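In this text, residue positions in the sequence shown follow our numbering: the first is -5, and each later residue adds one.
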Amino acid sequence: WNASCQDFEVIKLTHCLTSVNGQGGGPEELVQMIRDASGSTSLAFRAGRKHELTVHRNGRSLGLALSGERLLQVKDVLDGAVKQDALDIKVTDRILKVNGSKADKDVFRQALKGSSDDVALTVIPQPSPTREV
-5 WNASCQDFEV IKLTHCLTSV NGQGGGPEEL VQMIRDASGS TSLAFRAGRK
45 HELTVHRNGR SLGLALSGER LLQVKDVLDG AVKQDALDIK VTDRILKVNG
95 SKADKDVFRQ ALKGSSDDVA LTVIPQPSPT REV
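This is the structure we're talking about:
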């Protein structure tokens, strides 16, 4: 798609999928809708709203369980600096940058090994799964 579309139509890593064929849902539901779709499929995205924050570790671990190689996604917020300081990072959020560098697992590990006790993160919040009541 991105190779053949106009510049304003490019889908970026920071974009969030909001609906499949006009139906919204949580991340797992949207993925399942794509898997179940046959023929032409319409996807709607919105630009991700990123925010920057600094984690002051003060000798503590960050307390983030992450997954991904090139794009880091928060799998769990464990006991550590993020949780104890009530920072705005949630499960499913994506980490775009670490200390100003594009985030991947190697950059993240290197930042944690660095001498600084502060870690600057650029985070893209992901929508929470929706549940019907």
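By construction, the Cβ of each residue, glycine as well, lies at the ideal position given by its N, Cα and C atoms.
This one's a predicted model, so the numbers in the text were calculated from it and none came from an experiment.
Below 8 Å on the Cβ atoms is my contact criterion, and I expect residue i with residue j to pass it. Report the Cβ-Cβ distance as a whole number of Å.
{"i": "D112", "j": "T48", "result": "5 Å"}
{"i": "L66", "j": "I89", "result": "4 Å"}
{"i": "V68", "j": "D87", "result": "5 Å"}
{"i": "H9", "j": "A41", "result": "6 Å"}
{"i": "Q120", "j": "P21", "result": "7 Å"}
Cβ of residue i within 8 Å of Cβ of residue j?
{"i": "G33", "j": "R54", "result": "no"}
{"i": "L56", "j": "V76", "result": "yes"}
{"i": "L11", "j": "F39", "result": "yes"}
{"i": "L60", "j": "F102", "result": "yes"}
{"i": "V85", "j": "L115", "result": "no"}
{"i": "V4", "j": "T35", "result": "no"}
Residue i bridges to which residues according to DSSP?
{"i": "E46", "result": "T116"}
{"i": "Q67", "result": "S61, R88"}
{"i": "A41", "result": "H9"}
{"i": "S55", "result": "For S55, which the question treats as bridged, DSSP gives no partner whatsoever."}
{"i": "S110", "result": "None, per the DSSP bridge assignment."}
Nearest to residue i by CA position, among the options, is which residue?
{"i": "L37", "options": "K44, M27, H45, E46", "result": "M27"}
{"i": "Q78", "options": "K44, H50, G94", "result": "H50"}
Can you check whether the C-beta of residue i is within less than 8 Å of a C-beta belonging to chain B?
{"i": "N93", "result": "In summary, chain B is missing from the structure at hand, where a single protein chain is found."}
> Curious, which full-length beta strand (DSSP E) runs of at least 3 residues does the region -5 to 39 contain?
Replying inline: Secondary structure remark: continuous beta strand (DSSP E) runs of at least 3 residues inside the region -5 to 39, in chain order: 9 to 14.
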